[in-house]
Amino acid sequence: MAHIQLDPLPRNATPGEILRFVATLGKLDGKRIGKIALLGNGARVEIPDASVNTVLKALDGATFRERNVRARLSGRPLGGPSHFTHLAKLLDCEAEAERQRVRELAKRGDASEDGTTLTALVLTEEDTGLGGRLLLTFVRVNRHEPLPPNRLGPGTPVLLTQCGTNRPASHRGVICDRSERTIQVAFDQTDLDLPDDATWRLDLAADEKSRQRQLAALARAGAAEKDRLAALRAVLLGEKEPEFDEPASPLVIAKHLNEPQTDAVHFALTAKDVAVIHGPPGTGKTTTVVEVIRQAVIRGDKVLACAPSNAAVDNLLEKLLAVGVEPVRLGHPARVMPGLRDRVLDILVESHPDARLARKYGREARALFRKAEKWTKAKPIPGEKQSLRAEAKQLLADARRVEQLAVERVLDAASVIGATLTGVDSETLGQRRFDLIVIDEACQSTEPASWIPLLYGDRVVLAGDPCQLPPTILSPEAADEGLAISLMERVQAIYGSKVSRLLTVQYRMHQSIMAFSSGEFYNGDLVADESVIGHRLADLPEVRAEPLTENPMQFIDTAGAGYDEVLDEETRSRFNPQEAGLAVKAVRRLLDAGVPDSGIAVITPYSAQAKLIREQLRGTGVEVDSVDGFQGREKEAVVISLVRSNPEGEIGFLSDVRRTNVALTRARRKLIVIGDSATLANHSFYKRLLEYIEQIGAYSSVWEEPL
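In terms of our numbering, the sequence shown has 480 at position 374, counting the first letter as 1, and numbering is strictly consecutive.
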């Protein structure tokens with residue numbers, strides 16, 4: 107097969123659209139077209155060698171969604187050190203966009219509308235924990251008042267600042283717990299002097315340390331010569347072909363894995379440089395990754411397991427624990443889910459015998475310092491104070507040495523170390539090398555962040571799905587220049603199926619829910635496992651059988667009903683009050699039919715709509731969230747509110763159809779989509795979605811809905 111490159115394409119173009127474009131204009135049978143890899147504003151397409159000239163002639167200059175497309179044979183190398191210089195420049199653009207965002211919030215006087223600040227707080231409790239850190243709990247000045255809606259959840263870095271002072275000092279901490287009325291923050295600094303009668307504010311803090319680690323990684327990767335990092339870089343940038351080898355001994359793969367998963371595990375373990383596991387929704391990507399790590403540990407490998415977010419790392423490590431692999435988790439304990447905190451390095455070190463000895467040395471040193479300062483009546487022997495201080499300093503030095511020895515021993519005993527990509531810390535890992543680097547949810551990470559763990563490894567497995575949510579980029583310039591392209595996407599675009607395995611059996615969705623996304627994003631390769639292929643809400647115990655619970659999919663069309671969207675002038679998010687009410691009615695009907703509230707979710711692309719629906723469903727236990735917040739999750743029944751409804755037919759960032767793919771693939775047994783067909787049909791993707799809904803008999807109008 108030959109590879110052709112098509113660009114520029116809209117960033118929201120789907121593999122399904124590209125397949126139809128190439129097949130129709132190139133006069134090819136779609137079944138003869140191979141893998142389609144998206145890369146930024148372009149795509150790399152496999153076509154038969156004999157068809158290259160005909161297809162290139164037909165496609166070059168052709169129009170794809172009002173864009174003239176260039177078609178050419180795919181070139182591979184991305185360039186050496188200059189590639190890393192370019193990425194560093196894009197990181198600077200992104201940092202400036204973050205600073206500009208802060209300045210814009212400051213102009214509004216109070217960032218709380220954006221959910222990044224909490225004001226008028228008072229200190230209500232002090233404690234210690236999470237590896238000896240200071241834990242401070244805050245409430246509103248009116249102690250019975252709940253906290254306003256905010257984005258400061260567990261693991262969020264924050265700055266604590268005293269209100270009403272001319273020169274306020276800020277203390278950096280991490281949110282470790284929160285409730286409706288309280289928020290608890292962990293501080294590494296344990297001797298904070300906080301006035302009892304002060305009021306405080308918490309602000310979301312920029313993670314400058316993360317950017318510096320990325321810049322340092324790019325510099326090292328770009329400058330590497332004649333070492334393993336340089337060799338791995340050559341493969342990842344397309345300058346050298348990847349190599350594969352058979353395992354030294356036959357593998358005994360866990361029996362619960364299916365054939366595509368087993369094949370992916372074998373393939374990943376034969377890679378001498380890089381392997382990609384492409385896991386569409388519900389196909390057991392993380393289960394497959396866990397088996398790769400388990401097999402690597404069995405053969406004696408040291409593994410560094412990473413992901414872009416704390417939640418993704420914790421999900422991976424939790425599943426490793428379930429199969430008997432005990433990892434060590436790097437990172438702030440407050441950013442780790444409670445069930446994994448006893449695997450955090452700080453906590454493990456705290457209970458290590460060497461660390462107990464270090465604390466003993468510390469106590470003795472503090473006692474000597476106090477003794478040296480307390481003599482007031484009798485004149486001490488000349489030089490005795492200095493001697494006591496010197497002895498105390500030596501004890502502190504011994505304490506640090508012994509504590510570091512405890513860290514080394516915990517890390518040396520670990521076969522798997524887990525961390526976020528930007529949480530991989532050179533001060534902690536030192537000169538350690540890992541046989542295998544695993545990056546889960548690799549498509550949600552920018553490329554610079556992915557290079558941080560690669561500095562420590564011999565080979566890498568990248569797992570993710572480029573057809574779901576991409577990295578979040580604030581700078582449009584940086585996104586357009588390539589910062590939104592993950593390393594996994596680049597590698598897939600260069601090598602295609604040569605380095606990649608697609609998981610094809612999904613265990614989540616009824617086949618009717620699955621089919622549209624399978625055709626649009628995965629070349630129709632997904633199949634539903636027998637256990638889910640026809641499962642319905644009506645099959646659940648206590649759920650009443652009726653059309654609502656027997657039919658797996660429904661689209662409720664609001665066209666012509668006057669359900670107009672509204673722009674929130676302060677947050678710049680959009681909401682649709684009538685559509686929100688319709689979503690709430692759909693939820694009430696599901697509850698009335700016996701569906702448990704824990705099995706229902708409402709998903710919407712807009713935070714203002716989520717807030718509105720959440721308020722109307724308060725107390726039900728039904729989860730309401732944005733699409734981004736529901737990535738990687740699932741529910742028995744999902745209601746999607748698309749919000750957009752306007753005479754101009756504008757759909758805004760609904761045009762990022764990867765986000766819609768996430769929303770459409772969260773439901774197991776029932777999917778209800780609410781939207782305005784007159785607005786949505788102006789986009790070809792949603793037009794095809796509407797056609798599919800009509801085809802399976804899932805269309806209904808708002809006028810048909812019961813009041």
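Just so you know, even glycine gets a beta-carbon here, dropped at the ideal spot from N, CA and C.
If we ignore side chains and look at the alpha-carbon of each, how far apart do residue i and residue j end up?
{"i": "Ala327", "j": "Leu560", "result": "9 Å"}
{"i": "Gly270", "j": "Pro753", "result": "48 Å"}
{"i": "Asn159", "j": "Ile600", "result": "21 Å"}
{"i": "Ser624", "j": "Thr368", "result": "21 Å"}
{"i": "Gly437", "j": "Leu423", "result": "13 Å"}
{"i": "Ala329", "j": "Ala337", "result": "12 Å"}
{"i": "Val530", "j": "Ala177", "result": "40 Å"}
{"i": "Pro183", "j": "Ser679", "result": "Low confidence applies here, because Pro183 scores a pLDDT of 46, under 50, leaving its location unreliable; read the following figure in that light. Pro183 and Ser679: Cα-Cα distance of roughly 41 Å."}
{"i": "Lys141", "j": "Ile124", "result": "11 Å"}
{"i": "Asn416", "j": "Lys391", "result": "17 Å"}
{"i": "Asn174", "j": "Leu426", "result": "48 Å"}
{"i": "Asp546", "j": "Gly524", "result": "11 Å"}
{"i": "Thr512", "j": "Arg449", "result": "Looking at the sequence provided, one finds Ala at residue 512 rather than Thr. In a straight line, the C-alpha of Ala512 is about 15 Å away from that of Arg449."}
{"i": "Leu145", "j": "Pro121", "result": "11 Å"}
{"i": "Phe540", "j": "Ala569", "result": "18 Å"}
{"i": "Arg748", "j": "Leu335", "result": "Note on residue identity: the sequence assigns Leu, not Arg, to residue 748. Leu748 and Leu335: Cα-Cα distance of roughly 45 Å."}
{"i": "Ala275", "j": "Leu777", "result": "50 Å"}
{"i": "Glu152", "j": "Gly136", "result": "11 Å"}
{"i": "Ile139", "j": "Asp155", "result": "11 Å"}
{"i": "Phe170", "j": "Glu721", "result": "42 Å"}
{"i": "Pro252", "j": "Arg495", "result": "50 Å"}
Applying the 10 Å Cβ sphere with the 16-neighbour rule, what's the burial state of residue i?
{"i": "Lys793", "result": "exposed"}
{"i": "Phe681", "result": "buried"}
{"i": "Leu179", "result": "exposed"}
{"i": "Asp216", "result": "Unreliable positioning characterises Asp216 in this predicted model, as indicated by a pLDDT of 42, which lies under 50. The coordinate reading is nonetheless provided below. Exposed, since its Cβ has fewer than 16 Cβ neighbours within 10 Å."}
{"i": "Ile404", "result": "exposed"}
{"i": "Leu410", "result": "buried"}
{"i": "Trp557", "result": "buried"}
{"i": "Gln598", "result": "buried"}
{"i": "Leu241", "result": "buried"}
{"i": "Gly781", "result": "buried"}
{"i": "Asn248", "result": "exposed"}
{"i": "Lys408", "result": "buried"}
Skipping 5 residues on each side, what residues in its chain have a beta carbon closer than 7 Å to that of residue i?
{"i": "Met620", "result": "Gln612, Leu632, Ala634"}
{"i": "Ala555", "result": "Gln320, Pro414, Leu527, Thr528"}
Given residue i, which residues of its chain have a CB within under 8 Å of its CB, disregarding the five upstream and five downstream residues?
{"i": "Pro366", "result": "Thr389, Arg607, Leu608, Leu609, Thr610, Val611"}
{"i": "Asp351", "result": "Thr376, Lys378"}
{"i": "Val371", "result": "Leu357, Ile359, Leu363, Thr394, Glu397, Val398, Gln401"}
{"i": "Ser218", "result": "Only weak support is given to the placement of Ser218: the predicted model assigns it a pLDDT of 46, under 50, and the value that follows is read from those uncertain coordinates. Excluding residues within five positions, the ones whose Cβ falls inside 8 Å are Leu224, Thr225, Pro254, Asn256."}
{"i": "Trp809", "result": "Ala667"}
{"i": "Leu833", "result": "Because residue 833 is not part of the residues shown, which for the chain are 107 to 813, the question remains open."}
{"i": "Asp571", "result": "His384, Gly385, Pro386, Pro387, Lys391, Cys549"}
{"i": "Arg765", "result": "Leu575, Pro711, Val733, Asp734, Phe759"}
Less than 8 Å separating the beta-carbons of residue i and residue j?
{"i": "Asp283", "j": "Pro260", "result": "yes"}
{"i": "Val280", "j": "Thr262", "result": "yes"}
{"i": "Ala699", "j": "Arg650", "result": "yes"}
{"i": "Leu54", "j": "Ala440", "result": "With the chain covering only 107 through 813, there is no way to say anything about residue 54."}
{"i": "Asn767", "j": "Cys573", "result": "yes"}
{"i": "Met659", "j": "Ala804", "result": "yes"}
{"i": "Ser713", "j": "Thr677", "result": "yes"}
{"i": "His109", "j": "Gly602", "result": "yes"}
{"i": "Ser751", "j": "Asp670", "result": "yes"}
{"i": "Asp309", "j": "Thr243", "result": "no"}
{"i": "Thr552", "j": "Ser592", "result": "yes"}
{"i": "Ala769", "j": "Val733", "result": "yes"}
{"i": "Leu265", "j": "Ala311", "result": "yes"}
{"i": "Val434", "j": "Val516", "result": "yes"}
Grab me the residues of residue i's own chain with a C-beta within less than 6 Å of its C-beta, minus the 5 sequence neighbours each way, in chain order.
{"i": "Tyr628", "result": "Pro386"}
{"i": "Ile289", "result": "Phe244"}
{"i": "Ile757", "result": "Arg750, His789"}
Can you find a CB in chain C that lies within less than 8 Å of the CB of residue i?
{"i": "Arg614", "result": "Looking at the structure shown, chain C is missing, and only one protein chain is on hand."}
Q. Taking contact to mean at least 3 C-beta pairs separated by less than 8 Å, is the segment 590-607 in contact with the segment 230-246?
A. no
**Q.** Given 8 Å, three or more beta-carbon pairs between the segment 581-596 and the segment 189-205
**A.** Taking 8 Å as the limit for Cβ pairs, the verdict is that the segment 189-205 does touch the segment 581-596.
(Q) Is it the case that the segment 414-433 contacts the segment 638-648, given that we only count it when at least three CB pairs across the two stretches are under 8 Å? (A) no
Q) Any chance the segment 150-169 sits against the segment 129-138, with 3 or more Cβ pairs inside 8 Å? A) yes
Q) Between the segment 759-770 and the segment 109-126, are three or more C-beta pairs nearer than 8 Å? A) yes
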